[in-house]
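As C-alpha cells, the structure follows; a few thoughts come after it.
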Amino acid sequence: MHTQVAIIGAGPAGLLLSQLLHVHGISSVVLERRDRAYVEGRIRAGILEQITQDLMREAGAATNMDRNGLVHHGIELSLDGVRQRVDLSGHTGGKTVMVYGQTQVVHDLIETRLATQGDLRFEAENVTLDNLTDGEHATIRFRHQGVDQVLTADFVAGCDGFHGVSRASIPADILKVYEKVYPFAWLGILADAPPPADELIYARHPRGFALFSMRSASVARHYIQVTPDTDPEDWPDAKIWDELDARLGDGTTVPRGPLRDKSVTPMRSFVAEPMRHGRLFLAGDAAHIVPPTGAKGLNLAASDIHSLTRALTDFYRSGDSAGLDAYSENALARVWKAERFSWWMTTMLHTMPADQAFESRIHRADLAYVLGSDAALTTLAENYVGLPV
Ligand code: APR
Ligand code: PHB
Numbered sequence: 000m001h002t003q004v005a006i007i008g009a010g011p012a013g014l015l016l017s018q019l020l021h022v023h024g025i026s027s028v029v030l031e032r033r034d035r036a037y038v039e040g041r042i043r044a045g046i047l048e049q050i051t052q053d054l055m056r057e058a059g060a061a062t063n064m065d066r067n068g069l070v071h072h073g074i075e076l077s078l079d080g081v082r083q084r085v086d087l088s089g090h091t092g093g094k095t096v097m098v099y100g101q102t103q104v105v106h107d108l109i110e111t112r113l114a115t116q117g118d119l120r121f122e123a124e125n126v127t128l129d130n131l132t133d134g135e136h137a138t139i140r141f142r143h144q145g146v147d148q149v150l151t152a153d154f155v156a157g158c159d160g161f162h163g164v165s166r167a168s169i170p171a172d173i174l175k176v177y178e179k180v181y182p183f184a185w186l187g188i189l190a191d192a193p194p195p196a197d198e199l200i201y202a203r204h205p206r207g208f209a210l211f212s213m214r215s216a217s218v219a220r221h222y223i224q225v226t227p228d229t230d231p232e233d234w235p236d237a238k239i240w241d242e243l244d245a246r247l248g249d250g251t252t253v254p255r256g257p258l259r260d261k262s263v264t265p266m267r268s269f270v271a272e273p274m275r276h277g278r279l280f281l282a283g284d285a286a287h288i289v290p291p292t293g294a295k296g297l298n299l300a301a302s303d304i305h306s307l308t309r310a311l312t313d314f315y316r317s318g319d320s321a322g323l324d325a326y327s328e329n330a331l332a333r334v335w336k337a338e339r340f341s342w343w344m345t346t347m348l349h350t351m352p353a354d355q356a357f358e359s360r361i362h363r364a365d366l367a368y369v370l371g372s373d374a375a376l377t378t379l380a381e382n383y384v385g386l387p388v
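So in numbering that gives the first Met the number 0, the last one in the sequence shown is 388, and the numbering has no gaps at all.
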C-alpha cells in the first residue's frame, strides 16, 4: 500500500491536512490510535482565528461553523472584580475571532473527510516510522483490525499530539526540546447554562484565575485555576459555581445549570526543534504545546497545516521543494511568538504559589499596566486575534 502523505493522528491537525490535501489532489492515509467516538468526544478549547476559519472553508468543512460559530469583536479582562472590555476589532483594524468548539471542528472534519472517501483508519495500533532519511520511501508499520500492515509514503505528517510516536522517531541528538511546566492547572466545566456576558471574561483575582467562556448562548464553558494535583471529584458542582462567583468578584452571580463535563487540564509550554526530519514533518501538538490562556493551541496547529499544505502542493505541482525546506524554520518563528504570548497571558492572569509572592505582584502589575495603556491593549489584541501567518 502506498500513499503520497501518511498522516499520523486524527486530531484537528491531521484531519485538516488530509482534507486540504484531498482538495488539492494529493492522496493521504490517516492512522489514528483511538476510536472515532473517543476522538469526537474530547472537549478542548474553542476560539478560532481567521486563519483557522479560512482553512475550514478551503477544506469544504465550514457549513456548521458558518451557521453556528459566534463572531466576537472583543473580550473582557477583570482585575480583582473590576471588568474592562478590550475592543479587539478596534485595536486591529476590524479583526474578530470566532467562538466554535474544537470538538465540533473535529466532528465536522471527520464527516467531511468520510464524505469525500477519505482513508481514515481509527484504532491503528503500534505505529512505527522507518526510512525517514534513507531509502526511496518512508515505511509506516501498524496493526489494524488484527492484521499487521505496511504503508509506504513520500512524506509523513506527524500530527499525533504531545504523546505521539512521530516526535519520538527523531534521533535524540537531533531533537532539542524546550519546556516549562506551570505550578497550576485548569478545572474546566461545560454546563447547560447561559454565559454571564456576551463576550469571554478572563479574570485575575486574589483567589486565582477564572475564565468565563461559552459554546453558545445556552452552553457555558468555564475554567478555574487549581493546583496540578486536583481531583475533580473534590469539586462538587456547587463549590465550582461558588468559586466562579467569587473570582468574577463583582457581586453578581454566574448563571448556573447542569454540568455535562468536568475535567482538569495541566498547563505546559513546550517546543521541539526542528519540526522536520527527512521525510517527516511535525505539526500541531506533536511539536509544540501552549497553555490555553491565549487560545492559541488549535490555531497554531492550523497555521502549521496551512504552511505544510502550501509546501506539499508546490512540491507535487512543480517539483519545487522550497516550501518544504523552509517549513521548520518558518513554523518555529511563528510558534515562538505564540509561545511568548501564551506564556505572557498565563503569567499575567494567574496567581503564583506563596513562595513566589514577588512574581505574583509583578504579574498583577503587568495586567494593571495593560488595562491603562492603549499601546499595551493593542499588543494584546493583535496577538489574540492572530499574528499574520
Ligand atoms: N498513533 C496514531 N495516532 C496517535 C498516536 C499514535 N502513536 N499517538 C497519538 N495519536 C493521536 C491521538 O489519539 C490524537 O487523536 O493523535 C491525535 C493528536 O490530536 P491532538 O492531540 O488533538 O493534536 P493536534 O491535532 O495537533 O491538535 C492541536 O489540540 O490539544 C489541542 O491544544 C491543542 O488545540 C490544540 C489542538
Ligand atoms: C474555551 O472556550 O474553551 C476557551 C476559550 C478561550 C481560551 C481557552 C479556552 O483562552
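Backbone N, C-alpha and C fix where the C-beta goes; we use that ideal spot for every residue, glycine too.
Nearest Cα to Trp335 within the set Asn130, Glu272 and His305: Glu272. With a cutoff of 9 angstroms on beta-carbon distance, Ala60 and Glu31 are scored as not near each other. Sequence-distant Cβ neighbours of Thr2 in its own chain, meaning closer than 7 angstroms and more than five residues away, are Ser26, Ser27, Val28, Leu150 and Ala152.
Of the residues Gln148, Val388 and Gly93, the one whose Cα lies closest to the Cα of Ile304 is Val388.
Our two residues, Asp191 and His143, have alpha carbons roughly 38 angstroms apart in a direct line. Relative to Ile7, the option among Val384, Glu110, Leu69 and Thr127 whose CA is nearest is Thr127. The DSSP-derived three-state label of Ile239 is helix. In terms of Cβ geometry, Thr138 and Val104 do not form a close pair [threshold 9 angstroms]. Nearest in C-alpha terms to Pro193, of all of Ser217, Arg267 and Glu178, is Ser217. Glu124 is the residue among Ser165, Pro170, Glu124 and Ala219 whose C-alpha sits nearest the C-alpha of Gln148. The C-alpha of Asp354 is placed about 45 angstroms away from the C-alpha of Asp53. Going by C-alpha positions, Ser17 is about 24 angstroms away from Val96. Across the structure, Glu75 and Gln83 are spaced so that their CA atoms are roughly 6 angstroms apart. Using a C-beta cut-off of 8 angstroms, the segment 172–186 makes no contact with the segment 244–259, since fewer than three inter-stretch Cβ pairs fall below that distance. Beta-bridge annotation (DSSP): Val85 is paired with Ile74. In the DSSP secondary-structure assignment, Leu20 is not bridged to any residue. Exposed is the label assigned to Gln116, since fewer than 16 other Cβ atoms lie within 10 Å of its Cβ. Taking 8 angstroms as the upper bound for CB-CB distance, Asn63 and Asp107 are in contact here, some 5 angstroms apart.
The beta carbons of Ser165 and Asp159 sit about 5 angstroms from each other, so the pair counts as a contact at 8 angstroms.
Contact check for Val98 against Arg259 fails: the beta carbons are separated by 9 angstroms or more. Taken atom to atom, the span from the alpha-carbon of Met351 to that of Asp172 is near 35 angstroms. The ligand PHB approaches Pro291 closely enough that one of its heavy atoms is under 8 angstroms from the residue's Cβ.
Closest in alpha carbon position to Gly13, among Phe340, Gly371, Ala285 and Pro257, is Ala285. C-alpha of His71 to C-alpha of Asp373: approximately 20 angstroms in a straight line. Looking only at Thr102, Pro290 and Ala310, the smallest Cα-Cα distance to Tyr37 is reached by Thr102. If you check the C-beta of Leu47 against the ligand APR, you find no heavy atom less than 8 angstroms away. Counting only runs of 4 or more residues that sit fully inside the segment 27–58, the alpha helix (DSSP H) segments are 35–40 and 49–57, in chain order. At the C-beta level, Trp240 and Gly293 stay beyond 9 angstroms of one another. Arg33 and Pro231 have their alpha carbons spaced roughly 24 angstroms apart. Proximity to Arg112 across Ala219, His21 and Asp86 peaks at His21, based on C-alpha coordinates. One Cα belongs to Gly89, the other to His204, and the distance between them is close to 27 angstroms. Met274 carries a coil assignment under DSSP once its states are collapsed to helix, strand and coil. Scanning its chain for C-beta atoms nearer than 8 angstroms, with the 5 sequence neighbours on each side dropped, one finds around Gly207 the residues Phe183, Ile223, Gln224, Val225, Arg246, His349 and Thr350, in chain order.
Membership of His221 in the beta strand (DSSP E) is indicated by the continuous run Val218 to Val225. Ranked by Cα distance from Leu370, the options Gln49, Val176, Glu122 and Ala202 are led by Ala202. Ser306 counts as buried, since at least 16 other C-beta atoms from the protein chains shown sit within 10 angstroms of its C-beta.
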